[in-house]
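Asker: After the structure tokens below, expect a handful of questions from me.
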Amino acid sequence: MITGDQLQLRVAAIRDISPTLRLVRFENAGDGPLPPSATGAHLQVVLQGAQKEIRNAYSLISKPGSRDAYEIIVRRVPESRGGSAYIHEQLKTGDLLTTSWPGNLFAPQRSARKHIMVAGGIGITPFLSYVADFAGKGIDYELHLCCREEEKDSFAPWLPEPDKVFVHWDADGHRLDIPALLLRQPANSHLYVCGPDFLTNDVLEAAETGGWPDNHVHCERFGNALSGGEAFRAVLQRSGKEIEVGEHESLLEAIEREGVEVPCLCRGGACGVCLTSVLDGEPEHRDHYLGKAERAGGKHIMPCVSRAKSGLLVLDL
Amino acid sequence: MTILFKPDETYRGDYTYRNSDAAILRFPFPFPEDSYMYSVNIEPHVRGGFTPVYNNPIDVDEHYIAECRDRAITLERDPGRYAALPHMMTAQWDSIELLMECLSSDYPELFSLHKDGDRWTWINRPLGIEQSFTFGKEDTLPCEPFEYITRQIQGDFAILDQRNGSLYLDAGMVTAQADWSLQFDVGMDFMEWHGPVPLAHQAGVFERALKYLLMLRQGQPMRRLNWTMTVNPRLDTSPETYPEWGPDRTTLTLDNIGRKLHLRVELQTLWRLPRSNAILFPLRGYLASLDELVRVPKWGRRLHRVLSTLPRELAEYKGLVRFLPTALEYLSTYDDGAPTTSGCAAEISSL
Numbered sequence: 001m002i003t004g005d006q007l008q009l010r011v012a013a014i015r016d017i018s019p020t021l022r023l024v025r026f027e028n029a030g031d032g033p034l035p036p037s038a039t040g041a042h043l044q045v046v047l048q049g050a051q052k053e054i055r056n057a058y059s060l061i062s063k064p065g066s067r068d069a070y071e072i073i074v075r076r077v078p079e080s081r082g083g084s085a086y087i088h089e090q091l092k093t094g095d096l097l098t099t100s101w102p103g104n105l106f107a108p109q110r111s112a113r114k115h116i117m118v119a120g121g122i123g124i125t126p127f128l129s130y131v132a133d134f135a136g137k138g139i140d141y142e143l144h145l146c147c148r149e150e151e152k153d154s155f156a157p158w159l160p161e162p163d164k165v166f167v168h169w170d171a172d173g174h175r176l177d178i179p180a181l182l183l184r185q186p187a188n189s190h191l192y193v194c195g196p197d198f199l200t201n202d203v204l205e206a207a208e209t210g211g212w213p214d215n216h217v218h219c220e221r222f223g224n225a226l227s228g229g230e231a232f233r234a235v236l237q238r239s240g241k242e243i244e245v246g247e248h249e250s251l252l253e254a255i256e257r258e259g260v261e262v263p264c265l266c267r268g269g270a271c272g273v274c275l276t277s278v279l280d281g282e283p284e285h286r287d288h289y290l291g292k293a294e295r296a297g298g299k300h301i302m303p304c305v306s307r308a309k310s311g312l313l314v315l316d317l
Numbered sequence: 001m002t003i004l005f006k007p008d009e010t011y012r013g014d015y016t017y018r019n020s021d022a023a024i025l026r027f028p029f030p031f032p033e034d035s036y037m038y039s040v041n042i043e044p045h046v047r048g049g050f051t052p053v054y055n056n057p058i059d060v061d062e063h064y065i066a067e068c069r070d071r072a073i074t075l076e077r078d079p080g081r082y083a084a085l086p087h088m089m090t091a092q093w094d095s096i097e098l099l100m101e102c103l104s105s106d107y108p109e110l111f112s113l114h115k116d117g118d119r120w121t122w123i124n125r126p127l128g129i130e131q132s133f134t135f136g137k138e139d140t141l142p143c144e145p146f147e148y149i150t151r152q153i154q155g156d157f158a159i160l161d162q163r164n165g166s167l168y169l170d171a172g173m174v175t176a177q178a179d180w181s182l183q184f185d186v187g188m189d190f191m192e193w194h195g196p197v198p199l200a201h202q203a204g205v206f207e208r209a210l211k212y213l214l215m216l217r218q219g220q221p222m223r224r225l226n227w228t229m230t231v232n233p234r235l236d237t238s239p240e241t242y243p244e245w246g247p248d249r250t251t252l253t254l255d256n257i258g259r260k261l262h263l264r265v266e267l268q269t270l271w272r273l274p275r276s277n278a279i280l281f282p283l284r285g286y287l288a289s290l291d292e293l294v295r296v297p298k299w300g301r302r303l304h305r306v307l308s309t310l311p312r313e314l315a316e317y318k319g320l321v322r323f324l325p326t327a328l329e330y331l332s333t334y335d336d337g338a339p340t341t342s343g344c345a346a347e348i349s350s351l
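Note that the protein sequences, when read in sequence, are chains R and L. Sequential numbering from 1 applies to the first sequence in full-length UniProt numbering. Sequential numbering from 1 applies to the second sequence in full-length UniProt numbering.
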């Protein structure tokens, strides 16, 4: 398997590793080995919920390069958007699922002298592939996990070098002192954080206060896909069509679905070929092509990535 | 599909390199319009398109054996044409896996890859190679993994490391370049190595291209065509050997330019690598002489029009100024002024 964007996977095993943590192992339902998994990579999984299709991204915890299976760990959350509840209540061994290819917005920086990872609870999952990658290669790292005391040993099976892992919880003598941690690191350390917003913000703030260069500080950014967002409507004026742009498709895909042709090339907001005139409505620009003035003017849109702020766009198509 | 290799043709000395009729028809002619300017001409590298060159992600053609031999000669003379910085070893293994899988699945009659866990055996029939090695263990190959596989594939290769919001040219196998030096550029970032290109910076081309490439996804490679012109079918037009080929530009006359002047098209593809998160950047060159190109009437007309309207800065950057008038005089014979259709396709099926 060399190119593609979707995978068909079969649930090969489900195992609860704690009352709230479930491990799911996927194998290829198609032919041949899977595309190699990557350090810090995630998989977008499509789940058929009762009301609607759910697309959630989960970090791959498999050893980087794995091609026989992918593994994820999903926490059961009370305020689930649907994905967590579905995986904990409905998903069964043998189920077939559609997923993306592995994507990576959180790769380690190979030139770092040392890697400092700070995880909040389930935010440890991307770092499980980091430590699987680093272990035994003499790479210098520290992993700090902030979690509830009763969960402090849940991830031990995935941590091959326990002397480089430090677990913190909310009790005197066990809390993580972030500024102190950052202060004692050597030059050219890279800092990575994945967890709830309050932890991420604390870490980013401490790094800024501590004078860390921006490009040495990294946080996981799920939900930052190129396309997708709230649904909206678009009127294609010249074609006399009104279309619905779904949450999980781009404006360009919706236009193409209606059989209206738009010249396009890169489909990623860079080349400028799909530039389309906006007759009414306010675009939400996500491209790299339009300049500041053009964005502010609101007269053009790159439908391959950009969407609507206004709920309705009227396009010269 | 059987490829009839031309193992004895040469890219130096007596320059016996020629294209068969089939090779001319599949040439990736790079001009979709009658004029040319830089743009972010990146598109998904999917199978199929106006040229059969796009039928497989890595293209092997009739020049395969001769081109690999020419690379070996260049490396023998100057081993510095291959370089990889120490942190690129993971990306080297990513590359060998991707390239061996591409070749063995698309050309099973030429290449085989057998895997027994990490114990791999690679067979390259055209070059007569059989090699067993352990994936991930450098000392089981005769040279570094990236050098090993790129000695067996046409075109130059680079690996771009992604960090600091940019891409760094941290590994390369470069023996067929259009006058740039790996030794000079290795370790540079995207903006640095594109520094000398005229006009495109002002148009914001590189900022947009870089942002786009940083988001490149595994499994969804991209491609673009670039071009220049080369006197004689020579692969090694590097700064290091300029004294050997630079003076050739002064030898062109109206009588010999059709035979000696070649359009050099570079099919650049970009692949996100999995473990390393680096980008593999093959730069595959195709050479066709003016005599060969004008056998396709649309291409003869269009090349004349593109070259006659080329911005002066581009002609200077690409090193065309000295012979451009002679080339235009030659090509004018093949431009009857008839309109051309947009797109690059030859629009004929035999010559």
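Where a beta carbon is used, it is the ideal one built from N, C-alpha and C, also for glycine. Keep in mind the model is a prediction, meaning the values are calculated, not measured.
1. Tell me whether valine 77/R sits in a helix, a strand or coil according to DSSP, three-state version.
2. For glycine 272/R, go through chain L and note every residue whose CB falls closer than 8 Å to its CB, in chain order.
3. Can a CB atom of chain L be found closer than 9 Å to the CB of leucine 43/R?
4. In chain order, what residues of the same chain have a beta carbon less than 6 Å from the beta carbon of proline 162/R, not counting five sequence neighbours either side?
5. Strictly under 9 Å for the Cβ-Cβ distance: is cysteine 194/R near chain L by that measure?
6. Alpha carbon to alpha carbon, how far is tyrosine 17/L from tyrosine 286/L? Give it in angstroms, no decimals.
7. Put valine 46/L into one of helix, strand or coil per three-state DSSP.
8. In angstroms with no decimal places, state the Cα-to-Cα distance between valine 245/R and lysine 211/L.
9. Between the Cα of leucine 270/L and the Cα atoms of Glu33/L, Asp14/L, Val46/L and Met37/L, which residue gives the shortest distance?
10. Glycine 268/R and glutamate 247/R look like a contact to me (Cβ under 8 Å); what is the Cβ gap, rounded to whole Å?
11. Decide if glutamine 152/L is buried, meaning its Cβ has at least 16 other Cβ atoms within 10 Å, or exposed.
12. State the DSSP-derived secondary structure class of glutamine 92/L, mapped to helix, strand or coil.
13. How long is the line joining the alpha carbons of isoleucine 257/L and lysine 241/R, rounded to whole angstroms?
14. Going by DSSP, what residue range makes up the alpha helix (DSSP H) through glutamine 183/L?
15. Tell whether a beta-carbon distance below 9 Å holds between aspartate 160/R and alanine 135/R.
16. Starting from tryptophan 158/R, follow the alpha helix (DSSP H) in both directions and report where the run begins and ends.
17. Name, please, each residue of chain L whose Cβ falls closer than 7 Å to the Cβ of serine 111/R.
18. Is there contact here, the stretch 324–342 of chain L with the stretch 41–61 of chain L, by at least three beta-carbon pairs under 8 Å?
19. Please report the residue range of the beta strand (DSSP E) in which phenylalanine 127/R lies.
20. What are the residues in the stretch 92–109 of chain L lying within 9 Å of chain R by C-beta distance?
21. Counting only the same chain and skipping the five closest in sequence on each side, list residues whose C-beta sits under 7 Å from that of alanine 315/L.
22. Return the CA-CA distance between serine 239/R and proline 303/R, expressed in angstroms with no decimal places.
23. Give the secondary structure of glutamate 284/R by DSSP, where H, G and I count as helix, E and B as strand, and everything else as coil.
24. Can you give me the start and stop residues for the beta strand (DSSP E) that residue 318/R sits inside?
25. What do you get for glycine 281/R, buried or exposed, if any count of 16 or more other CB atoms within 10 angstroms of its CB means buried?
26. Quickly, what does DSSP pair cysteine 147/R with across the bridge? List them, please.
27. Put proline 108/R into one of helix, strand or coil per three-state DSSP.
28. Against chain L, does alanine 38/R count as a neighbour if the rule is that its beta carbon must be under 9 Å from one of theirs?
29. Does the Cβ of aspartate 61/L have 16 or more other Cβ atoms within 10 Å, making it buried, or fewer, making it exposed?
30. Would you kindly work out how many angstroms separate the C-alpha atoms of glutamine 185/R and proline 179/R, rounded to a whole number?
31. Using a Cβ-Cβ cutoff of 8 Å, what residues of the UniProt domain "2Fe-2S ferredoxin-type" (232–317) of chain R are near chain L? List them in chain order.
32. Are there 16 or more other CB atoms within 10 angstroms of the CB of asparagine 232/L, so buried, or fewer, so exposed?
33. Please name the residue in Pro36/R, Ser84/R and Asn56/R whose C-alpha comes closest to that of residue 396/L.
34. Taking 9 Å as the threshold (C-beta atoms), are valine 118/R and cysteine 147/R in contact?
35. Can you round the beta-carbon distance between alanine 171/R and glutamate 149/R to whole angstroms, since I take them to be within the 8 Å contact cut?
36. Ignore the nearest five residues each way along the sequence and tell me which others in serine 276/L's own chain have a CB closer than 6 Å to its CB.
Answerer: Reading it off the structure:
1. One-based indexing of the first sequence puts residue 77/R at position 77. Here valine 77/R sits in coil by DSSP.
2. Locating residue 272/R in the first sequence gives position 272, where the first residue counts as 1. Under the 8 Å cutoff, chain L gives Ser39, Val40 and Arg208.
3. Numbered from its first residue, the first sequence carries residue 43/R at position 43. By the rule that beta-carbons nearer than 9 Å mark a contact, leucine 43/R does not touch chain L.
4. By one-based count along the first sequence, residue 162/R stands at place 162. Taken in chain order, the list of residues that qualify is empty.
5. Counting from one through the first sequence, the residue named residue 194/R turns up at place 194. It does not; no Cβ of chain L falls within 9 Å.
6. In the second sequence, the residue the question calls residue 286/L occupies position 286. In the second sequence, the residue the question calls residue 17/L occupies position 17. Rounded to the nearest angstrom, the two C-alpha atoms are 11 Å apart.
7. The count along the second sequence starts at 1 and reaches residue 46/L at position 46. Of the three classes helix, strand and coil, the one that applies to valine 46/L here is coil, per DSSP.
8. Residue numbering aside, residue 245/R sits at position 245 when the first sequence is read from its first letter. Residue numbering aside, residue 211/L sits at position 211 when the second sequence is read from its first letter. Whole-angstrom Cα-Cα distance: 25 Å.
9. By one-based count along the second sequence, residue 270/L stands at place 270. Checking every option, the nearest Cα to that of leucine 270/L belongs to Val46/L.
10. Along the first sequence, one-based indexing puts residue 268/R at 268. Along the first sequence, one-based indexing puts residue 247/R at 247. Your pair glycine 268/R and glutamate 247/R does not check out as a contact, with CB atoms roughly 19 Å apart and the cut at 8 Å.
11. To locate residue 152/L, count along the second sequence from 1; it is residue 152. With 16 or more Cβ atoms within 10 Å of its Cβ, glutamine 152/L is classed as buried.
12. Your numbering for residue 92/L matches position 92 in the second sequence. Three-state DSSP puts glutamine 92/L in a helix.
13. The residue you call residue 257/L lines up with position 257 of the second sequence. The residue you call residue 241/R lines up with position 241 of the first sequence. Each residue's Cα considered, the two are about 55 Å apart.
14. Here residue 183/L refers to the residue found at position 183 when the second sequence is read from its first residue. Start and end: 182–185.
15. Residue mapping note: residue 160/R aligns to position 160 of the first sequence, counting from 1. Residue mapping note: residue 135/R aligns to position 135 of the first sequence, counting from 1. A quick correction: the sequence has proline, not aspartate, at residue 160/R. Their beta carbons are under 9 Å apart, which means proline 160/R touches alanine 135/R by this criterion.
16. Along the first sequence, read from residue 1 onward, the residue named residue 158/R stands at position 158. No alpha helix (DSSP H) contains tryptophan 158/R, which DSSP labels as neither H nor E.
17. As a position in the first sequence, residue 111/R is number 111, starting the count at 1. Correct list: His87 and Arg163.
18. no
19. For the purposes of this step, residue 127/R is taken as residue 127 along the first sequence, with counting starting at 1. That residue, phenylalanine 127/R, is in no beta strand (DSSP E); its alpha helix (DSSP H) goes 125–134.
20. Listed by position, the residues of the stretch 92–109 of chain L near chain R (Cβ gap below 9 Å) are Trp93, Asp94, Glu97, Leu98, Glu101, Cys102, Ser105 and Asp106.
21. Counted from its first residue, the second sequence places residue 315/L at position 315. Within the same chain, alanine 315/L has close Cβ partners Val321 and Leu324.
22. On the first sequence, residue 239/R is found 239 positions in, with the first residue counted as 1. On the first sequence, residue 303/R is found 303 positions in, with the first residue counted as 1. For serine 239/R and proline 303/R, the distance between alpha carbons rounds to 16 Å.
23. If you number the first sequence from 1, residue 284/R lands on position 284. In this structure, glutamate 284/R counts as strand in the three-state DSSP scheme.
24. Any question about residue 318/R goes unanswered here, given that chain R covers just 1 to 317.
25. Stepping through the first sequence from its first residue, residue 281/R is reached at position 281. Glycine 281/R is buried by the Cβ-count criterion.
26. Translated into the one-based positions of the first sequence, residue 147/R becomes position 147. According to DSSP, cysteine 147/R bridges with nothing at all.
27. Taking the first sequence and counting its residues from 1, one reaches residue 108/R at position 108. Here proline 108/R sits in coil by DSSP.
28. The residue given as residue 38/R occupies position 38 in the first sequence. Yes, because at least one Cβ of chain L sits closer than 9 Å to the Cβ of alanine 38/R.
29. For the purposes of this step, residue 61/L is identified with residue 61 of the second sequence, where counting begins at 1. Label assigned to aspartate 61/L: buried.
30. In the first sequence, residue 185/R corresponds to position 185, counting from 1. In the first sequence, residue 179/R corresponds to position 179, counting from 1. Taking the straight line joining both Cα atoms gives about 11 Å.
31. Leu265, Cys266, Arg267, Gly268, Gly269, Ala270, Cys271, Gly272, His288, Tyr289 and Gly291
32. As a first step, residue 232/L is located in the second sequence; it is residue number 232 there, counting from the start. Looking at its Cβ environment, which holds 16 or more other Cβ atoms inside 10 Å, asparagine 232/L is buried.
33. Chain L is shown only over 1 to 351; residue 396/L falls outside these bounds and no answer can be derived.
34. As a position in the first sequence, residue 147/R is number 147, starting the count at 1. As a position in the first sequence, residue 118/R is number 118, starting the count at 1. Not in contact: cysteine 147/R and valine 118/R (Cβ atoms no closer than 9 Å).
35. Within the first sequence, residue 171/R is the residue found at index 171, counting from 1. Within the first sequence, residue 149/R is the residue found at index 149, counting from 1. Contact holds; Cβ gap of about 7 Å.
36. Here the question's residue 276/L lines up with position 276 in the second sequence. Around serine 276/L: Thr90, Ala91 and Asp94.
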